[in-house]
DNA sequence: GTCTATATAGCGATAGAC
DNA sequence: GTCTATCGCTATATAGAC
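Chains as they are written, first to last, in this note's numbering: chain B, 17 to 215; chain L, 17 to 215.
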């Protein structure tokens with residue numbers, strides 16, 4: 017680890033913050049440097065190009081994913097509950113890295129797309145042993161993706177924070193949703209033979 | 017409707033295509049005009065500004081949402097199955113409009129964010145009567161969002177089309193997922209829920 | 001390691017011919 | 001209704017002083 021230069025982290029924080037608060041188009045080198053309290057030249061000393069800045073954000077996502085996988089494995093509530101519960105935007109370091117990287121990916125950054133894909137596969141692999149079958153795994157993963165998708169839209173400049181409240185379940189609503197998912201994905205099915213014929 | 021000028025539609029198609037294929041940053045007026053086979057001046061006759069171009073895309077999304085709500089209401093498989101099934105990217109007009117608008121929203125376009133939010137609320141209102149409770153509605157909506165999120169990432173330049181295949185269920189896997197969701201959301205619960213009093 | 005100044009190119013938008 | 005030409009601005013990136 018050998019803690020990286022502080023200015024470098026501050027630049028990365030600023031990049032992340034602008035991506036989240038104002039969207040991908042606003043995240044210019046000028047804007048990032050200003051927010052980080054350095055000059056553009058100072059920024060470019062730490063990150064040689066904008067692509068390098070994106071790579072730095074993806075590195076941060078990888079590191080935070082490592083830590084989250086450990087926390088998830090140790091979680092007393094179980095990996096499924098932990099994963100869904102922590103998929104609502106709580107503005108912690110991991111949430112911010114995910115939303116910021118998503119913004120980059122949607123702008124067209126290949127490295128951001130690959131980084132998101134990599135983290136997602138690691139979470140899926142860790143969760144798989146704790147759910148009934150592949151359909152159940154799909155359900156859990158997609159639900160989490162949906163939560164991030166909505167939270168990320170809710171944080172856009174066009175959306176009032178109050179309006180977002182009823183888009184995504186929080187508190188008791190989230191608890192009921194998790195309960196629903198747990199019943200659906202972790203237990204053996206009550207009716208062992210679905211025998212559905214429609215597609 | 018009084019069919020709009022063809023060139024206008026071609027420009028909108030090109031805008032959509034570039035957003036989907038190359039991401040938000042690549043969707044410049046020059047690139048859109050080139051792909052549509054018109055000059056930049058020609059483009060700007062139909063859409064006075066880039067914001068106006070975004071507004072045109074959102075209008076298209078609204079219109080396609082109208083049509084989809086009708087199809088969903090008439091669907092013999094039922095609204096829930098219809099909604100989930102059609103949430104995988106099939107490259108039809110509605111899918112393309114949604115993914116393209118999502119790219120714009122993540123770039124920071126307030127009008128795109130508002131448009132997505134509006135369509136999502138209309139779908140939610142149409143589905144609500146067909147599921148058990150609000151938690152079930154959340155599940156269905158978030159699952160659909162998750163499918164779009166993944167499909168939109170899979171279409172990014174950084175992701176090979178083959179790799180995307182195992183990210184999102186298709187065919188039989190999708191059928192099993194829908195079956196799982198239907199059992200979870202549409203039937204009366206085996207254990208009758210204690211009437212909860214919040215929300 | 002951080003700054004200012006500057007080069008270069010690309011972007012959105014306008015003007016005006018046809 | 002579509003074109004070419006061009007303006008003014010902003011973006012990324014470089015050079016070189018401190």
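For each residue, glycine too, the CB sits at the ideal point set by N, CA and C.
Quick caveat: nothing in here was measured; it's all calculated off a predicted structure.
In this structure, residue 27 of chain B and residue 52 of chain B form a Cβ contact; the two beta carbons are roughly 5 Å apart against a cut-off of 8 Å. Classified as exposed, residue 89 of chain B has fewer than 16 neighbouring CB atoms from the shown chains inside 10 Å of its CB.
Of the other Cβ atoms in all chains shown, 16 or more fall within 10 Å of the Cβ of residue 43 of chain B; this residue is therefore buried.
Of all residues in the region 83 to 106 of chain B, none is placed with a Cβ closer than 8 Å to any Cβ belonging to chain L. In chain order, 150, 151, 154, 158 make up the part of chain B whose C-beta sits under 9 Å from the C-beta of residue 185 of chain L.
With a threshold of 8 Å between beta carbons, residue 127 of chain L makes contact with chain B. When the Cα atoms are used, residue 147 of chain L and residue 29 of chain L turn out to be separated by approximately 36 Å. Proximity of chain L to residue 40 of chain B at the Cβ level (cut-off 8 Å) is accounted for by 40, 41, 122, 123, 124, in chain order. Following the DSSP letters along the chain, one finds residue 165 of chain B inside the alpha helix (DSSP H) bounded by residues 150 to 170. Closest in C-alpha terms to residue 74 of chain B, from the list B:107, B:58, B:125, B:46, comes B:125. The Cβ neighbour count for residue 55 of chain B, taken over all protein chains shown within 10 Å, is under 16; the residue is labelled exposed. Every alpha helix (DSSP H) of 4 residues or more that sits fully in the region 39 to 112 of chain B is shown, in chain order, as 45 to 52, 56 to 62, 66 to 90, 95 to 101. In the three-state scheme derived from DSSP, where H, G and I count as helix and E and B as strand, residue 30 of chain L is classed as helix. Of the residues assessed, residue 58 of chain B falls on the exposed side of the cut-off, its CB having fewer than 16 other CB atoms within 10 angstroms. At least 8 Å separates the CB of residue 71 of chain L from every CB of chain B.
Taking C-alpha positions only, residue 24 of chain L is separated from residue 84 of chain B by approximately 48 Å.
DSSP places residue 131 of chain B in the helix class (H, G or I) of the three-state scheme.
Assignment of residue 145 of chain L by DSSP, reduced to helix, strand and coil, places it in the helix class. For the pair residue 72 of chain B and residue 133 of chain L, the Cα-to-Cα distance works out to about 31 Å.
Per DSSP, residue 198 of chain L is one residue of the alpha helix (DSSP H) stretching across 187 to 201.
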